[in-house]
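Residue numbers for the sequence shown follow our numbering, beginning at 46 and rising by one.
We treat Cβ as the ideally placed atom computed from N, Cα and C, and that holds for glycine.
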Amino acid sequence: MKPRYTVIIYTPQDLNHSSYMQTGLFELENMGLIRCELKIDISKKVGRISTETGKSLISNHPQQKTSFYKLIDHYLSKEFFFAGDLYDISHFFSQYALENCDFIFKRNYVSKDIDCLESEFKNKIYPMGLTLGVQGSSRKFWGLLKLSYFFANLNLQLKLDRNLIKRIRNVISHTSRHIEYVTRGRSIDLLEKTPESTELNVFYQVRCFPQIHDENVKIIHRERSSLIRLLKNQLNDFYLGGIVPGEISNTYYKDCLTTLPTDPVSYIAQIKKSSICIYTKGLQNSPARKLSEYLSQGKCIVAERFETELPVPLENGKNIIYFDSPEHCVEICKELLKNPKKVKLLSKNARVYFETHVHPVKNVKRILELMLNHKIN
46 MKPRYTVIIY TPQDLNHSSY MQTGLFELEN MGLIRCELKI DISKKVGRIS TETGKSLISN
106 HPQQKTSFYK LIDHYLSKEF FFAGDLYDIS HFFSQYALEN CDFIFKRNYV SKDIDCLESE
166 FKNKIYPMGL TLGVQGSSRK FWGLLKLSYF FANLNLQLKL DRNLIKRIRN VISHTSRHIE
226 YVTRGRSIDL LEKTPESTEL NVFYQVRCFP QIHDENVKII HRERSSLIRL LKNQLNDFYL
286 GGIVPGEISN TYYKDCLTTL PTDPVSYIAQ IKKSSICIYT KGLQNSPARK LSEYLSQGKC
346 IVAERFETEL PVPLENGKNI IYFDSPEHCV EICKELLKNP KKVKLLSKNA RVYFETHVHP
406 VKNVKRILEL MLNHKIN
């Protein structure tokens, strides 16, 4: 029997971040709860609204990390056009999504930035919650997704001038690297296998961002390197990790480099072995994916506080422990290393939070139900 609900996936301009939503949708289809269809759409959908200054300012920038979908209820003959906004910056919004969507689910949801929008816009926006890059068991539409993704980005950059050939070459290079990266992405099976750690240790491994002249990036690099030096000095052999080697880290942070493997599969394997994992903020104070990865593996998480509002908050002392400074972080880790029972309890609660609120199947199902219930009520 045909499912009551169909979700149409419009060609995204970014395959990496949209993989979270698509994985949830395809897994729900495998469960027989919905039907998925792909709508090839290479339109530009440019337009960005910024509320950084406290007012809505419009520019012609694209919002490539915003992907679009349509939920159809065949029984009630209703359609809901919605977007998943996975952009890092909380005060940037897709103008196209605000003007055309019934619902927008924003990853970096911060009320003070949303409140600056007009009422008709801000009432459409809901917190998406924590996400991560993941591939499900289904590769449905993968060939068409890759092809239409390429043409969507080509159309986005298309401009008839003397740099046309150069632009086409850049699009080919960028999309090829992007597709390769997404294809090698972590499978949902890898995240669902959670062996219990057999030894007490502290893991914190990060990378440098390429925008080294950006003030926000400078602050992040400075804070991360300072924390790593403290962990090395205070925890000695109990600490594992460091900064991933690369041109920037090799130049500026030689004393902080990790000696562990850094490919995605090895990284998750190391998380699995570790008992205590440290989280620090991502770009623009956005919720970095490593937090979701730690939760998926049921780790005891010591985390820097963040502004992002979640549909269900993480509880300090229950499924996470927050720190306020690098020194505070180290002290918490020292106490946890002396208290394996507390580590085990926090680990268990972290995994429960992932299974209930972060797993793409559970979270995407929540998103679909929210829209359906909102329209009915």
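Check: Range covered by the alpha helix (DSSP H) that runs through serine 63; Outcome: 60–75
Check: Alpha carbon of valine 341 to alpha carbon of leucine 205, nearest angstrom; Outcome: Before going on, a small fix: residue 341 reads as serine here, not valine. Serine 341 and leucine 205: Cα-Cα distance of roughly 47 Å.
Check: The beta strand (DSSP E) enclosing leucine 102, as first and last residue numbers; Outcome: 102–104
Check: Tyrosine 55 to lysine 90 span [Cα, whole Å]; Outcome: 12 Å
Check: Own chain partners of leucine 328 with C-beta closer than 6 Å, once the 5 adjacent residues on each side are dropped; Outcome: Asp133
Check: DSSP-derived helix/strand/coil call for leucine 175; Outcome: coil
Check: Contacting residues, own chain, Cβ-Cβ under 6 Å from isoleucine 264 (five flanking each side not counted); Outcome: none
Check: Any 3 or more C-beta pairs closer than 8 Å across the region 47–63 and the region 189–200; Outcome: yes
Check: Helix, strand or coil at threonine 401 [DSSP, three-state]; Outcome: helix
Check: Simplified DSSP state of tyrosine 226, which is helix, strand or coil; Outcome: helix
Check: Buried/exposed call for methionine 416, threshold 16 Cβ in 10 Å; Outcome: buried
Check: Test item: CB-CB of isoleucine 53 and glutamate 74 under 8 Å; Outcome: no
Check: Closest by C-alpha distance to glycine 188, when choosing among Tyr171, Asn208, Glu225, Leu177; Outcome: Glu225
Check: Nearest neighbour of aspartate 369, chosen from Tyr120, Gly92, Ile323, Ala128 [CA to CA]; Outcome: Ile323
Check: Exposed unless 16 or more other CB atoms sit within 10 angstroms - verdict on methionine 46; Outcome: exposed
Check: Minimum Cβ-Cβ distance from aspartate 133 to chain C less than 8 Å; Outcome: Absent from the structure is chain C; it holds one protein chain and no more.
Check: Rounded C-alpha distance that separates lysine 389 from glutamate 244; Outcome: 11 Å
Check: Validate contact between the region 177–191 and the region 351–371 using beta carbons, cut 8 Å, 3 pairs; Outcome: no
Check: Member of Phe254, Ser319, Asn246, His258 whose CA lies at the smallest distance from the CA of serine 294; Outcome: Phe254
Check: Beta-carbon proximity check, leucine 143 vs lysine 169, cutoff 8 Å; Outcome: yes
Check: Segment limits, beta strand (DSSP E) that includes serine 182; Outcome: Note, serine 182: premise wrong, no beta strand (DSSP E); not H, not E.
Check: Nearest residue (CA-CA) to glycine 92, options Leu121, Cys146, Tyr141; Outcome: Tyr141
Check: Boundaries of the alpha helix (DSSP H) in which aspartate 130 is found, first to last residue; Outcome: Taken as a continuous stretch (DSSP letters only), aspartate 130 belongs to no alpha helix (DSSP H), being part of the beta strand (DSSP E) at 123–130.
Check: Best match in Ile346, Leu70, Tyr367 for proximity to phenylalanine 248 [C-alpha to C-alpha]; Outcome: Ile346
Check: Run of the beta strand (DSSP E) containing alanine 348, from where it starts to where it stops; Outcome: 345–349
Check: For glutamine 474, the three-state DSSP class (helix, strand or coil); Outcome: The requested residue 474 is not part of the displayed model; the chain covers only 46 to 422.
Check: Endpoints, the beta strand (DSSP E) within which leucine 83 is located; Outcome: 79–84
Check: Beta carbon of aspartate 147 nearer than 8 Å to that of phenylalanine 113; Outcome: no
Check: Glutamate 400 vs lysine 393 beta-carbon contact at 8 Å; Outcome: no
Check: Contact between the region 287–301 and the region 347–358 (3+ Cβ pairs under 8 Å); Outcome: no
Check: Range covered by the alpha helix (DSSP H) that runs through aspartate 158; Outcome: 156–159
Check: N-terminal and C-terminal residue of the beta strand (DSSP E) that tyrosine 284 is part of; Outcome: 284–288
Check: Separation of asparagine 246 from leucine 382, as counted between CA atoms; Outcome: 7 Å
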